[in-house]
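Asker:
Numbering (the working numbering), first residue to last: 657 to 935.
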């Protein structure tokens, strides 16, 4: 059976997906000052980070419209899946669901399912990888949904950022009760809740110590990590990502590690120097 996966642009694309017609990135729009930037293959991370640093206003994002998702669903595939940012962090999930409902009015019988990743960035990439794995094994549409839903329930996301201001100003940290004082040069180790919102897990003095703490939390929360793929995404800090990859490989020995630079939405929230781990 043929399949297609529409993943919103907060999910990073593996290199082999960029020329694969079965995988489509559905772009969000970024706003910096008065400029709108489409988060697609034209996104320039270095230029974007410069614009963010020079702008007094906090950058924002807008989710894809239901009509844009409907366009992604227009294909000959037997099974169509959408993977979106956590519904706790963005309207992308609701937009994808509405787009599905509208599309099915004119295309009854089409098999479409929208997955709420309860994550972001590499977490969405892992979910898309799991869908591909299930489809290649020949699972039915219903079996794919059941398997991937279970995978999402077991998944966790962690991150350490140089700067939390974008998350804070955009209200993504509204539920976090205790954030450490930046005056102490402490870095909070952040993570996802089971519902897909953000929580603080730990803190450490300095980025390197915070990364060590994050690896410890990955080991504690990662279910059957020896059998799983770990996704590392980073914003403009390849050396830091390499250090993180080596630490995870040495301490936790996962089945596979994929490392990806952040596209637009993840670059906006991770900010310059941020690293994210999903497993």
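Even for Gly, the Cβ is constructed at its ideal location relative to N, Cα and C.
Remember, predicted model here, so these are calculated numbers, not experimental data.
1. By a C-beta neighbour count over all protein chains shown, 10 Å radius and 16 as the cutoff for buried, is residue 850 buried or exposed?
2. Tell me the DSSP bridge mates of residue 861?
3. Using only CA atoms, which one of 897, 804, 925, 683 lies nearest to residue 722?
4. Could you tell me which residues DSSP puts in a beta bridge with residue 687?
5. Assign residue 847 to one of three DSSP states: helix, strand, or coil.
6. Can you check whether the CB of residue 781 is closer than 8 angstroms to the CB of residue 667?
7. Starting from the Cα of residue 823, find the closest Cα among 739, 762, 717, 872 and give me that residue.
8. Within the region 709-788, note down every full beta strand (DSSP E) run reaching 3 residues or more, in order along the chain.
9. Please classify residue 879: does DSSP put it in a helix, a strand, or coil?
10. Report the residue from 819, 925, 812 whose alpha carbon sits nearest the alpha carbon of residue 871.
11. By DSSP, does residue 703 sit in helix, in strand, or in coil?
Answerer: To lay it out plainly:
1. The residue is exposed, with fewer than 16 neighbouring Cβ atoms inside 10 Å.
2. Bridge partners of residue 861: 842.
3. Closest by alpha carbon: 683.
4. DSSP output for residue 687 lists 692, 716 as bridge partner(s).
5. Annotated three-state conformation of residue 847 is strand, per DSSP.
6. Here residue 667 is near residue 781, since their CB atoms are less than 8 angstroms apart.
7. Here the closest residue by C-alpha is 717.
8. The qualifying runs are 716-718, 735-740, 767-772.
9. The answer is coil: DSSP assigns residue 879 none of H, G, I, E or B.
10. For the residues 819, 925, 812, the minimum Cα distance to residue 871 belongs to 812.
11. Secondary structure at residue 703: helix, using DSSP grouped into helix, strand and coil.
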